[in-house]
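A.B. asks: Chains as they are written, first to last, in this note's numbering: chain G, 167 to 472; chain H, 274 to 419; chain R, 1302 to 1937. The C-beta atom is built at its ideal place from N, Cα and C for all residues, glycine as well. Computed from a prediction, not measured in an experiment: that's the story for all the values here. Okay, handing you the structure first.
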Amino acid sequence: MNRPPNQKPSFIKGFFNSWAYLFPPPGLLTHAALFLAIGSGIALSFVYDVNRPFDSLQVLALGNQGGIFIRAVHYWSSQLFLVLAAFHVIDQLSKNGELEVSRGLWVRVSFIVPLVLFLMISGFILKGDRGGILARQVLEGLLGTLPAGGDILRFLFLGSPHNFQLIFIHHVATTTLFVLIFTLEHDGRIWPEWRSVVYVTACSMILSSLRTPVLRPEGLEIYVKGPWYFVGLQEMLHWASRPGWILVLGGAVFFVLCVLPLASERVSKALKRFMTGVFLAYLGMSVVGWFFRGGDWQRVVPWGGP
Amino acid sequence: MPKGHGGEESWRKEGNGRRRFLRWIGGGLLGLIALFFGSMVKRKLYRLKSEQHPVRLPLDLPQGVTFHEDIIINRDGNSYRTMSARCNHLGCIVDRKEGEHLVCPCHGSRYSLDGRVLNGPATHDLVCLHHRINAKEKSLIIEPPA
Amino acid sequence: MKRSEQLRNLLPAIVTAVAVIVSLAWFFNSPRRQTKELPKVLGHREGCILCHLPMGGFVKAHDPKAIGCASCHLGNPFTMNKNGAHKDMVLVPGNLGDAARTCGTSRCHPLLCTNIRASLMASGRGMVSVDRYVFGEISSPNGRGHLSELGDSPAQEHLRKLCASCHLAKVKAKPAVINQLSRGGGCTACHIYYSKGARGELDRYHENGKQPKIHPALSLQVSGSHCFGCHSRSGRIATNYEGWHETESRPEEVSGKNGYRILEDGRVFMRMSPDIHFKRGMECIDCHTWREAMGDGKTYFHEEDQVEISCEDCHPVRKPSTIARKKLKEIDKKIVKQRKALAGITNFVLTSKTNRPLLNVTLDGTGNVLVMGKNSSKTYHPKVPPSICTKDIYGHDRLTCQSCHTPWGPSCIKCHTSYDRTGMGLDHIAEKRVKGRWAEKKGKLVPRQPALGIQIRAKKEKLDTFIPGMIFTIEHKDYPGARFRENSFVFRRLYAPTAAHTTSAKGLACRSCHNNTVVLGLGEGLFSVRKSTSNVQEMVFESLYPARKEDGLAEDAWTGFLDERRGMVSTRVGARPLSAQEQRTVIRVGVCLPCHPADAAGIKKIYKDFPTALKRLTPQCRRPPKMTFGRKKTAK
Chain G
167 MNRPPNQKPS FIKGFFNSWA YLFPPPGLLT HAALFLAIGS GIALSFVYDV NRPFDSLQVL
227 ALGNQGGIFI RAVHYWSSQL FLVLAAFHVI DQLSKNGELE VSRGLWVRVS FIVPLVLFLM
287 ISGFILKGDR GGILARQVLE GLLGTLPAGG DILRFLFLGS PHNFQLIFIH HVATTTLFVL
347 IFTLEHDGRI WPEWRSVVYV TACSMILSSL RTPVLRPEGL EIYVKGPWYF VGLQEMLHWA
407 SRPGWILVLG GAVFFVLCVL PLASERVSKA LKRFMTGVFL AYLGMSVVGW FFRGGDWQRV
467 VPWGGP
Chain H
274 MPKGHGGEES WRKEGNGRRR FLRWIGGGLL GLIALFFGSM VKRKLYRLKS EQHPVRLPLD
334 LPQGVTFHED IIINRDGNSY RTMSARCNHL GCIVDRKEGE HLVCPCHGSR YSLDGRVLNG
394 PATHDLVCLH HRINAKEKSL IIEPPA
Chain R
1302 MKRSEQLRNL LPAIVTAVAV IVSLAWFFNS PRRQTKELPK VLGHREGCIL CHLPMGGFVK
1362 AHDPKAIGCA SCHLGNPFTM NKNGAHKDMV LVPGNLGDAA RTCGTSRCHP LLCTNIRASL
1422 MASGRGMVSV DRYVFGEISS PNGRGHLSEL GDSPAQEHLR KLCASCHLAK VKAKPAVINQ
1482 LSRGGGCTAC HIYYSKGARG ELDRYHENGK QPKIHPALSL QVSGSHCFGC HSRSGRIATN
1542 YEGWHETESR PEEVSGKNGY RILEDGRVFM RMSPDIHFKR GMECIDCHTW REAMGDGKTY
1602 FHEEDQVEIS CEDCHPVRKP STIARKKLKE IDKKIVKQRK ALAGITNFVL TSKTNRPLLN
1662 VTLDGTGNVL VMGKNSSKTY HPKVPPSICT KDIYGHDRLT CQSCHTPWGP SCIKCHTSYD
1722 RTGMGLDHIA EKRVKGRWAE KKGKLVPRQP ALGIQIRAKK EKLDTFIPGM IFTIEHKDYP
1782 GARFRENSFV FRRLYAPTAA HTTSAKGLAC RSCHNNTVVL GLGEGLFSVR KSTSNVQEMV
1842 FESLYPARKE DGLAEDAWTG FLDERRGMVS TRVGARPLSA QEQRTVIRVG VCLPCHPADA
1902 AGIKKIYKDF PTALKRLTPQ CRRPPKMTFG RKKTAK
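Written as structure tokens, this is what we have:
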């Protein structure tokens, strides 16, 4: 475990060096994006009704201009948070950042990854439209595949069927709190850096103005795809007749992340290559799922033809 | 603290011991709450399951396939076949018929009209549900899945 | 200060400025409509209604208050932004390419939208197969094919340029009133109805973009004018039905003259006797069922296979079977519920061919058939066929009703079709002019009684009506592709079975067939019995038209006199002209008719059992008949 702490592979080193020339590091930007998402989410909760989620969003979309913008900012800030968090993880792993914190803290920081994924998917489900309902069914099914306790886990994460209350609580409170605590703990600061706030807020506002996220009408579409970051998972699930193995694979990646500080240099490199391979494969599946799948997840050719 | 009696060391040891004791007490108390929590969740799950009531539908359903929430009814003349609409892959609701197939919207699993799996990723047929006919009320009563 | 530091300080300011400008631009461009109550339809809110209502013209089932706008026109009902709301909107929802998402969703009409794809009205399968068969590209007229999926060959190019607009799968790009030139549009080909007000609103919309206040009705009100456009082509059954026959005249030649009609495409028609059903006020859908038009899910080769009605259903020989209203299928029940005309019917007559209900045909208290006009709500009392139709007359067992009740049908002879590689032709699928043109040189268009021939129906031989649709030559030596060089010039002599839709109330006189060379399939000409040079009485036929060099038969003939013509003789498998023996049988009766008319006494004494009557020939009858019938060539 004697590894020099600041070695970086050349390509990623070049990329983040260029990044640092103009912009704050990804970690600071992620911190700022999290705060913006939380702030805009709190604002949105004034108009969101958990008892009729889709309807309350429809009323917002049709009759509340400010609400439309706030919802858009919440959406884009959360997408930015996810993307920046991914960059931050890559950046930190590339410079052996797992060695710079205590093991306990590293495990807690690793937990942020599944928590963030749950935060994102719960937000998607809370739209209450056809896509959200299908995503909930898939998640319920996935959790249900776990032996000994799948039903309980399903209830603990998603609550009673057809009821959004618990998902809402987890989204706005439980998961957000844990992500916030773990983020602040490893960041060492409470308030985000001002430049990061400006960049993240400005980007969210620009994106919100240019591309306001639309609600899709339930029942008017033959097929829906999940959120872009889970399309790869959908593709994997299409091939997996035993979807529980997908959870096992995800668990393995998470386990690898947690034990990274304990590994020797050679093993650590191998594990990082494994995680990179999984990540690239997932990207590939996402491309397939996004461009080459149509209704009922059947193969389509995006440029037309049979 | 006088030196020579273990001094700060002994106090620290005492402090460590007290901290350890308090940790055990705290852990125990949290464990007790966790037990209550577990019992609460178990009870709730049990109540949810027992709240599953049979579904009543009119007998005069259209011929062929009807989708009703998470149930599929296939009527042929006066005989009915009732199945759970939950796809056996991940539990998505199968809510569409295409030609002679029932199609799951999530990952494209296909079933025949009587629930046999034809195309994956699902590997099992749709679960058959028990039903009975109440001739007096002219209704079809479908039991929830076991 | 280093450059990077300067940039790092400046960039946030620039980005902030851009964000503020873009957000303010969004704010001021986004609609700030005063939203009163946000309407809810089918469980969701509809922004469309806020901008587009009030709008009238709908029937109850399709009122936006019941189904909204987005369930048909798609788009996004959850935004007040015009571009966002209209994104991915469908202007004409009935087009079959969109129907699965619009008319055919699981909440609306999924069964019909599935069935219609296999229907002949959508695919034109028979047209494609017959055309390719005639061109010699396939060996049977029973083939696959779809007018929207034509490939590359002379026949398919021929269809693309000349025929492919007439099918339901043709896309209708813009909203338009149904007229004689309308083609395609899927569901809206039949089910859209523009009232006068709706027409005016549509015109105003095309002129100045003003939002229409009256929407066309989507209803079951399918009138003859919906069918007219496409069915005034090919067999011309729409024009026949109304009593019009196409001429070769130009509009300016008949302008102001009585007895002519000029269609919107410039064709000139002359007055003939209309179909008796038309005279009585019946529309196409009063006979034809929804399953015939939209399909029953099965794939058929030709239209007579898909048609499920027969004359006997309304003019029964035996008491027809019926079905009670409560036993109808759901879809039939819905249709009956929608139509006021059918409200009082409790029992429905079943078709003899397919045993399915005719939703506007019932029995009255005394067991007589009653037919309701689906749109008109009129009640018709169809006559029961007289005994001459129902009791066997020798030799008439294979006749169909229309054999005796079709006084005329269109005849088209002597056409030449050639391919011009350099000319430009309208591709009806691509909807643009492309290189390559099929030039048709039309021959004579003559209204005359159809010929009789044999067609196989339900594995039985039937004597049915046939018309010359394809006595022509095709030449395509310039068509690109070496594999088409062979057979680049073909001559065909094919008659096609037809239901001419010119039904007469009274059956034709016996002489109309037995003394008619056209009915025999010989074409027009003079038939006579005369002494030959060897002093033998012989029957002689001189055709009016010259013989063609390709097969020695007259220009308009189907078969030769006492000929056995087989092989490629018709556009249907198993169909053929009368054999030599059959011709002799028909003429033998015809020989007696001039002296022994087929009145009631004559039928009873002679024609009902003709073979027995022949045994009772008097010496007078045995003399050679001085008999001629037909048309003689006039010297020029």
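Can you tell me the Cβ-Cβ gap for G/Arg296 and G/Arg382, rounded? I've got them flagged as a contact below 8 Å.
C.D. replies: 7 Å
A.B. asks: Using beta carbons (cut-off 8 Å, strictly below), is H/Val390 in contact with chain G?
C.D. replies: no
A.B. asks: Do you know whose CA, among G/Lys293, G/Leu200 and G/Leu399, lies nearest G/Leu226's CA?
C.D. replies: G/Lys293
A.B. asks: Given a cut-off of 8 Å on the beta-carbon distance, is the pair R/Cys1464 and R/Met1428 in contact?
C.D. replies: yes
A.B. asks: Provide the residue span of the alpha helix (DSSP H) that contains R/Phe1379, from first to last.
C.D. replies: Segment: none, R/Phe1379 is in no alpha helix (DSSP H) and carries neither H nor E.
A.B. asks: Ends of the alpha helix (DSSP H) at G/Lys438?
C.D. replies: Glu431 to Phe457
A.B. asks: Can you tell which of R/His1777, R/Ser1704, R/Leu1764 and R/Arg1758 has the C-alpha that lies nearest to the C-alpha of R/Arg1738?
C.D. replies: R/His1777
A.B. asks: Which ranges does the beta strand (DSSP E) cover as unbroken runs of at least 3 residues, wholly within the segment 1778-1851 of chain R, from first to last along the chain?
C.D. replies: The qualifying runs are 1790-1798, 1826-1832 and 1838-1844.
A.B. asks: Under 8 Å, do H/His341 and H/Leu330 count as touching if we go by C-beta distance?
C.D. replies: Yes, they are a contact pair.
A.B. asks: Just to confirm my understanding: we take R/Gln1884, look at its own chain, exclude 5 residues before and 5 after, and list those with CB closer than 7 Å. What are they?
C.D. replies: Leu1821 and Leu1863
A.B. asks: State buried or exposed for R/Glu1553, treating a residue as buried only when at least 16 other CB atoms are found within 10 Å of its CB.
C.D. replies: Classification of R/Glu1553: exposed, given that the 10 Å Cβ count is below 16.
A.B. asks: Against chain G, with Cβ distances strictly below 8 Å, would H/Ile366 count as a contact?
C.D. replies: yes
A.B. asks: Hey, out of G/Phe181, G/Ala209 and G/Asp215, whose CA is closest to G/Ile236's CA?
C.D. replies: G/Ala209
A.B. asks: I need the boundaries of the beta strand (DSSP E) containing R/Gly1770, first residue and last residue.
C.D. replies: Lys1761 to Glu1776
A.B. asks: Identify the contact partners of R/Ser1324 in chain G, using a Cβ-Cβ distance below 7 Å as the criterion.
C.D. replies: Met371 and Ser375
A.B. asks: Write down the C-beta distance between R/Leu1343 and R/Ile1368 rounded to the nearest angstrom, noting that I regard them as a contact closer than 8 Å.
C.D. replies: 6 Å
A.B. asks: Along chain H, in chain order, which residues have C-beta atoms closer than 7 Å to that of R/Lys1630?
C.D. replies: Gln336
A.B. asks: On the CB-based measure, 16 or more other CB atoms within 10 Å of its CB, does H/Asn351 come out buried or exposed?
C.D. replies: exposed
A.B. asks: Following the continuous beta strand (DSSP E) through R/Ile1479, name the residue where it begins and the one where it ends.
C.D. replies: Premise fails: R/Ile1479 is in no beta strand (DSSP E) and is neither H nor E.
A.B. asks: Counting Cβ pairs closer than 8 Å, one from the segment 1586-1597 of chain R and one from the segment 1536-1544 of chain R, do we hit at least three?
C.D. replies: no
A.B. asks: Nearest CA to the CA of R/Arg1867: which residue from R/Ser1880, R/Glu1856, R/Ala1858 and R/Ala1740?
C.D. replies: R/Ser1880
A.B. asks: Does the separation of the CB atoms of R/Val1819 and R/Arg1889 fall below 8 Å?
C.D. replies: no
A.B. asks: Beta-carbon within less than 7 Å of R/Gly1510's beta-carbon, same chain only, minus the 5 sequence neighbours each way: which residues are those?
C.D. replies: none
A.B. asks: Who pairs with R/Ala1752 in a beta bridge, going by DSSP?
C.D. replies: According to DSSP, R/Ala1752 bridges with R/Phe1767.
A.B. asks: Helix, strand or coil for R/Pro1711, going by three-state DSSP, please let me know.
C.D. replies: strand
A.B. asks: At which residue ranges does the segment 1500-1555 of chain R contain complete beta strand (DSSP E) runs of 3 or more residues, listed in the order of the chain?
C.D. replies: 1545-1547
A.B. asks: Let me know if G/Ala314 comes out buried or exposed under the rule of 16 or more other beta-carbons within 10 Å of its beta-carbon.
C.D. replies: exposed
A.B. asks: Using a Cβ-Cβ cut-off of less than 7 Å, list which residues of the segment 1588-1599 of chain R approach chain H; keep chain order.
C.D. replies: Listed by position along the chain: nothing, the set is empty.
A.B. asks: Name the two residues that bound the continuous alpha helix (DSSP H) containing H/Glu371.
C.D. replies: It is not in any alpha helix (DSSP H) - H/Glu371 instead sits in the beta strand (DSSP E) that spans Arg369 to Glu371.
A.B. asks: Would you report the Cα separation of R/His1345 and H/Arg320, rounded to the nearest angstrom?
C.D. replies: 32 Å
A.B. asks: Leaving aside the five residues before and after R/Pro1898 along the sequence, list all residues of the same chain whose C-beta is less than 7 Å from its C-beta, in chain order.
C.D. replies: none
A.B. asks: Are the CB atoms of G/Leu309 and G/Phe323 within a distance shorter than 8 Å?
C.D. replies: Yes; because the gap between Cβ atoms is below 8 Å, this pair is in contact.
A.B. asks: Name the residue from G/Phe458, G/Trp463 and G/Pro427 whose alpha carbon lies nearest to the alpha carbon of G/Glu266.
C.D. replies: G/Pro427
A.B. asks: Which residues does DSSP list as the beta-bridge partners of R/Asp1728?
C.D. replies: R/Asp1728 is bridged by DSSP to R/Lys1733.
A.B. asks: Give a yes or no on contact between the segment 341-349 of chain G and the segment 265-279 of chain G, applying the rule of three or more CB pairs nearer than 8 Å.
C.D. replies: yes
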